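Visitor: The sequence shown stops at residue 436 when you use my numbering, and every number in between is there. Every residue, glycine too, gets a C-beta built ideally from N, C-alpha and C. Computed from a predicted structure; not experimentally measured.
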Amino acid sequence: MIVVMEPNATQAAVDATVKRVESLGLKANVIVGTERTVVAAIGNKREHFKESLESGEGVSAVVPIVAPYKMASREVRAEPSQIKVLDFAAGAGEVGFIAGPCSVESEEQILETARAVKAAGGTGLRGGAFKPRTSPYSFQGLKEEGLKMLATAREETGLCVVTEVMGTSDVDLVAKYADVLQVGARNMQNYRLLEAVGKAQKPVLLKRGPSATMDEFLLAAEYILNEGNDQVMLCERGIRTFEGHTRFTLPLASVSYLHRKTHLPVIIDPSHGTGHTYMVPDMAVAAVAAGADGVIMEVHPDPSTAMSDGYQTLTFAEFERTMRRCKAVANTLQELDREEKASS
Ligand code: PEP
Ligand code: MN
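If you want it as structure tokens, here you go:
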């Protein structure tokens, strides 16, 4: 249920509502909007509490949340959320660009890449230190050494570090070095991991499982939000279909759908989403045109020697060109939005 407060409700009235919700055995989450504050009352027990909550001071209405996910839904928070870390911003009109190698391979490799990402206008640096690989014999990542290299690259460039955490026992270690914790596609329904990154209180990039439905994706995000961590970004990275011409099938309609259903920022990964370097620039531009709040791309000083995912990785020159095109589209759309707002 959502307890919608009157526009002029006092802080005391909001506090009293929170107490009331909690005394009914429900979890209270306060969401302060530009127009009014709502208190989301989350829990299994419901309808018969409606009257009790409605009579509270400063309460305007009590309405049920129809979506199976609660905190992630637009019903609870009508305005889009923005995630901001260092110079990286995604959502509510900002488009964030994260780029870097699939895997951190050496200090030189990550520093060189970070400089190129920064020079081209990126604000986030990706790079896997813990790598989820299909085969146990493939390169598994440099682990803590890799994390240290990422932190060094942040120090020099100011880029926000985005890196994957694969297991609950690694959360503290990865959180020590990373600015954004990435939960990989293969772990989207690892509920204990979702709870752990929720508790870590760092922004999270949650990747969609290759065969997860949108409801499953949003319910996975709900596990993180439910821990009191509201800094969640959803990443569409392609799904498994019958098609073989791409590594995965990248549904850009996910952007529109998710924007309708959730306030959380949506990031598109055209690298894993296509699995082919030549497709990445077009799909990155298309993602921005579709209204994505961010793009995450794989970039490497020499993709042909990359230790993982070289076949879907951009060179610095390709990345620079892609960024110019993405930024041109983002700027045009932002300008049109401003014009529309000014004339309405
Ligand atoms: C990655 O970002 O390198 C990665 C492993 O992605 P995904 O979890 O989407 O496969
Ligand atoms: Mn990869």
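1. Report yes if the CB atom of Val-187 is closer than 8 Å to the CB atom of Val-151, and no otherwise.
2. Assign Arg-352 to buried or exposed, taking buried as 16 or more other Cβ atoms, counted over all protein chains shown, within 10 Å of its Cβ.
3. In whole angstroms, give me the CA-to-CA distance for Leu-273 and Gly-290.
4. Which ranges would you report for the beta strand (DSSP E) in the segment 305-340 if only whole runs of at least 3 residues count?
5. Using 8 Å as the threshold, is the segment 416-425 in touch with the segment 378-385, meaning 3 or more CB pairs across them?
6. Please look up how many angstroms separate the CB atoms of Val-254 and Leu-297, rounded, as I've assumed it's under 8 Å.
7. Do you know how far the Cα of Val-196 is from the Cα of Ala-243?
8. Cβ of His-364 within 7 Å of any heavy atom in the ligand MN?
9. Once DSSP output is grouped into helix, strand and coil, what is the label at Gly-216?
10. Within 7 Å: the Cβ of Cys-327 and any heavy atom of the ligand MN?
11. In whole angstroms, give me the CA-to-CA distance for Ser-115 and Val-124.
12. According to DSSP, simplified to helix, strand and coil, what is Lys-142?
13. With a CB to CB cut of under 7 Å and the five nearest residues on each side skipped, what residues in its chain are close to Thr-102?
14. At the level of alpha carbons, what is the spacing between Asn-100 and Gly-148?
15. Starting from the Cα of Asp-179, find the closest Cα among Leu-251, Thr-341 and Ser-363 and give me that residue.
16. Please name the residue, chosen from Ala-159, Ala-398 and Phe-408, that lies closest to Phe-231 on a Cα-to-Cα basis.
17. Near Arg-246, what residues of its chain come up, given a Cβ to Cβ distance below 6 Å and the 5 sequence neighbours on each side ignored?
18. What would DSSP say about Gln-281, mapped onto helix, strand or coil?
19. Skipping 5 residues on each side, what residues in its chain have a beta carbon closer than 6 Å to that of Gly-446?
20. For Met-163, report the span of its alpha helix (DSSP H) as first-last.
21. Quick one: grab the DSSP three-state call for Thr-102.
22. Under the criterion of a Cβ to heavy atom distance below 7 Å, does Glu-143 qualify as lining the ligand MN?
23. In the DSSP output, what is Cys-252 paired with across the bridge?
24. Per DSSP, what are the beta-bridge partners of Asn-423 in this structure?
25. Shortest alpha-carbon distance to Thr-249 belongs to which of Ala-170, Ala-208, Ala-132 and Thr-369?
26. I'd like to confirm something about Glu-114: is its beta-carbon nearer than 7 Å to some heavy atom of the ligand MN, or not?
27. Going by DSSP, name the residue or residues bridged to Lys-176.
28. Would you mind stating whether Pro-343 and Gln-323 have Cβ atoms separated by less than 8 Å?
29. Measuring CA to CA, which of Ser-261, Glu-308 and Val-266 is closest to Ala-277?
30. In the DSSP assignment, what residue or residues form a beta bridge with Phe-189?
31. With a Cβ-Cβ cutoff of 8 Å, do Leu-265 and Val-275 count as a contact?
32. Between Ala-292 and the rest of its own chain, which residues show a CB-CB distance below 8 Å, the 5 nearest in sequence each way excluded?
33. Using C-beta distances below 6 Å, list every residue in its chain close to His-392, excluding the 5 sequence neighbours before and after it, in chain order.
34. Indicate, with yes or no, if the ligand MN has a heavy atom lying under 7 Å from the CB of Asp-401.
Guide: According to the structure data:
1. Along the sequence shown, read from residue 1 onward, the residue named residue 187 stands at position 95. Along the sequence shown, read from residue 1 onward, the residue named residue 151 stands at position 59. Result no, Cβ atoms of Val-187 and Val-151 do not sit closer than 8 Å.
2. Against the sequence shown, residue 352 aligns to sequence position 260. Around the beta carbon of Arg-352, a 10 Å sphere encloses fewer than 16 other beta carbons of the protein chains shown; the residue is thus reported as exposed.
3. Taking the first residue of the sequence shown as 1, we reach residue 273 at position 181. Taking the first residue of the sequence shown as 1, we reach residue 290 at position 198. A direct Cα-to-Cα measurement between Leu-273 and Gly-290 gives close to 10 Å.
4. DSSP runs (the beta strand (DSSP E)) wholly in the segment 305-340: 324-328.
5. With a cut-off of 8 Å, the segment 378-385 and the segment 416-425 count as touching, because enough Cβ pairs lie within range.
6. In the sequence shown, the residue the question calls residue 254 occupies position 162. In the sequence shown, the residue the question calls residue 297 occupies position 205. Their Cβ separation, rounded to whole angstroms, is 6 Å, which keeps Val-254 and Leu-297 in contact under 8 Å.
7. Position 151 of the sequence shown, counted from the start, is the residue given in the question as residue 243. Position 104 of the sequence shown, counted from the start, is the residue given in the question as residue 196. Between the C-alpha atoms of Ala-243 and Val-196 there is a straight-line separation of about 11 Å.
8. The residue you call residue 364 lines up with position 272 of the sequence shown. Yes, since a heavy atom of the ligand MN falls inside the 7 Å radius drawn around the Cβ of His-364.
9. If you number the sequence shown from 1, residue 216 lands on position 124. Gly-216: strand per DSSP, three-state reduction.
10. Residue mapping note: residue 327 aligns to position 235 of the sequence shown, counting from 1. Judged by the Cβ position, Cys-327 fails to qualify as a neighbour of the ligand MN at the 7 Å threshold, every heavy atom of the ligand being at least this far.
11. Locating residue 115 in the sequence shown gives position 23, counting from the first residue. Locating residue 124 in the sequence shown gives position 32, counting from the first residue. Roughly 21 Å between the two C-alpha positions.
12. Here residue 142 is taken as the residue at index 50 of the sequence shown, counted from 1. In this structure, Lys-142 counts as helix in the three-state DSSP scheme.
13. In the sequence shown, counting from the first residue as 1, residue 102 sits at position 10. Non-local beta-carbon contacts of Thr-102 in its own chain, meaning distances under 7 Å to residues more than five positions away in sequence, involve Gly-150 in chain order.
14. In the sequence shown, counting from the first residue as 1, residue 100 sits at position 8. In the sequence shown, counting from the first residue as 1, residue 148 sits at position 56. Approximately 14 Å between the Cα atoms of the pair.
15. Sequence index remark: in the sequence shown, residue 179 carries index 87 (1-based). If we check each option's Cα against that of Asp-179, Leu-251 comes out closest.
16. If you number the sequence shown from 1, residue 231 lands on position 139. For the residues Ala-159, Ala-398 and Phe-408, the minimum Cα distance to Phe-231 belongs to Ala-398.
17. In the sequence shown, the residue the question calls residue 246 occupies position 154. Closer than 6 Å at Cβ, skipping near neighbours: Val-253.
18. Residue mapping note: residue 281 aligns to position 189 of the sequence shown, counting from 1. DSSP places Gln-281 outside both helix and strand once states are collapsed to three, so it counts as coil.
19. What the structure shows of the chain is the stretch from 93 to 436, and residue 446 is not part of that stretch, so it cannot be assessed.
20. Along the sequence shown, read from residue 1 onward, the residue named residue 163 stands at position 71. Met-163 -> no alpha helix (DSSP H), and no H or E assigned at all.
21. The residue labelled residue 102 in the question sits at position 10 within the sequence shown. In the structure shown, Thr-102 sits in coil (DSSP, three-state: anything other than H, G, I, E or B).
22. As a position in the sequence shown, residue 143 is number 51, starting the count at 1. No, since every heavy atom of the ligand MN falls outside the 7 Å radius drawn around the Cβ of Glu-143.
23. The residue labelled residue 252 in the question sits at position 160 within the sequence shown. Bridge pairing for Cys-252: Gly-216 [DSSP].
24. Counting from 1 along the sequence shown, the entry for residue 423 is found at position 331. Among the bridge pairs identified by DSSP, Asn-423 is matched with none.
25. As a working mapping, residue 249 is identified with position 157 in the sequence shown. Closest by alpha carbon: Ala-208.
26. The residue labelled residue 114 in the question sits at position 22 within the sequence shown. Every heavy atom of the ligand MN is 7 Å or more from the Cβ of Glu-114, so no.
27. For the purposes of this step, residue 176 is identified with residue 84 of the sequence shown, where counting begins at 1. Partner residues in the beta bridge of Lys-176, as assigned by DSSP, are Ala-181.
28. Residue numbering aside, residue 343 sits at position 251 when the sequence shown is read from its first letter. Residue numbering aside, residue 323 sits at position 231 when the sequence shown is read from its first letter. Going by C-beta atoms, Pro-343 is not nearer than 8 Å to Gln-323.
29. Within the sequence shown, numbered from 1, the residue matching residue 277 stands at position 185. Nearest of Ser-261, Glu-308 and Val-266 to Ala-277, Cα basis: Glu-308.
30. Here residue 189 refers to the residue found at position 97 of the sequence shown. Answer is Val-387.
31. Working through the sequence shown from its first residue, we reach residue 265 at position 173. Working through the sequence shown from its first residue, we reach residue 275 at position 183. Leu-265 places its beta carbon 8 Å or farther from that of Val-275.
32. As a working note, residue 292 is residue 200 in the sequence shown. Only residues of its own chain outside the window of five on either side were considered, and among them Val-263, Asp-264, Ala-267, Leu-273 and Asn-321 have a CB closer than 8 Å to the CB of Ala-292, listed in chain order.
33. Numbered from 1 along the sequence shown, position 300 holds the residue referred to as residue 392. These residues qualify, in order along the chain: Pro-193, Ala-398 and Thr-405.
34. Position 309 of the sequence shown holds residue 401. At least one heavy atom of the ligand MN is nearer than 7 Å to the Cβ of Asp-401, so yes.
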